[in-house]
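The structure appears right after this line, and notes come after that.
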Amino acid sequence: MAVIADTLRHLDGSLVLTNLTAKDGGRYTCSAAIPTLTTVAVLEEPEADTSTTNDTSTNAAAYEPSDTSAGYENATTEPYDGEDVDGSSSSASSAAASEEHFVELLKVNVKVRTPPLAVSNFYVRASTIIAVLVWEVMPNRTGGYAIRDFTAEMRKMRESIDEPELPWETIDPRHISPNARQLEIYHLIPNTTYEFRIWGNNQLGAGEIVTILATTQPRMEEKGK
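Here the UniProt record's numbering is used: the first residue of the sequence shown is 1, the next is one more, and so on.
Here you go:
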């Protein structure tokens with residue numbers, strides 16, 4: 001069972017999950033701890049005793065302090081094996097008729113939506129003055145929302161570590177079509193190393209950036225020297 005550490009609990013019973021990542025998505029179970037001797041209304045199979053039955057699948061109503069008739073469908077119970085507030089075990093407290101059981105209230109699917117993840121298989125085909133950026137987008141890496149567009153940038157690499165890094169330049173078009181999977185860049189300098197980067201954008205913002213280096217080919221006359 002997965003437990004999310006960063007949560008905010010409110011007195012009204014709601015639960016706010018914070019600092020989530022895509023890996024936190026999945027199916028979660030919401031349960032409530034109630035005393036063993038608490039009366040739990042049974043909607044079906046009235047003969048069943050939910051206070052002593054483990055892992056049942058009867059449609060039992062969840063315990064409400066002021067109204068035992070308000071029900072939750074598909075509620076199941078299982079013994080609570082933790083410790084009480086005073087540090088004593090639940091087995092010890094059962095002698096005093098205060099052992100707690102967990103009543104399963106509902107199951108929910110948590111889907112975490114994020115900015116797009118990094119594009120896949122990003123590489124560059126470079127000639128003397130032209131470079132072609134090529135990338136792929138996997139369906140499960142869009143962040144849960146459709147990609148609106150891509151953004152690509154480039155800069156020439158400095159020739160020595162003593163030189164300052166050049167600023168990034170946005171490659172036209174500034175908003176690359178979400179259906180595009182390659183982009184041609186012209187007017188490059190032969191035999192020069194460039195740094196390229198690209199990322200996707202959806203309604204939550206800019207996604208993960210992928211960066212790559214590529215060197216243009218020398219001119220033909222330079223090859224013959």
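Every residue, glycine too, gets a C-beta built ideally from N, C-alpha and C.
Computed from a predicted structure; not experimentally measured.
In the displayed model, D24 falls within a helix according to three-state DSSP. Between S31 and N109, the alpha-carbon positions lie close to 15 Å from each other.
When the alpha-carbon of F122 is set against those of I130, W135, Q203, the nearest one is in W135. Residue burial is scored here from C-beta neighbours: A152 has at least 16 other C-beta atoms within 10 angstroms and is therefore classed as buried. Spanning the alpha carbons of S127 and E195 requires a straight line of approximately 15 Å. Contiguous beta strand (DSSP E) elements confined to the UniProt domain "Fibronectin type-III" (115-221) occur at 120-126, 131-136, 149-156, 182-185, 193-202, 210-215, taking only those with 3 or more residues. Around the Cβ of T21, a 10 Å sphere holds fewer than 16 other Cβ atoms; the residue is exposed. In the DSSP secondary-structure assignment, L106 is bridged to C30.
Non-local C-beta neighbours of V137 in its own chain, meaning closer than 6 Å and more than five positions away in sequence, comprise V119, ordered along the chain.
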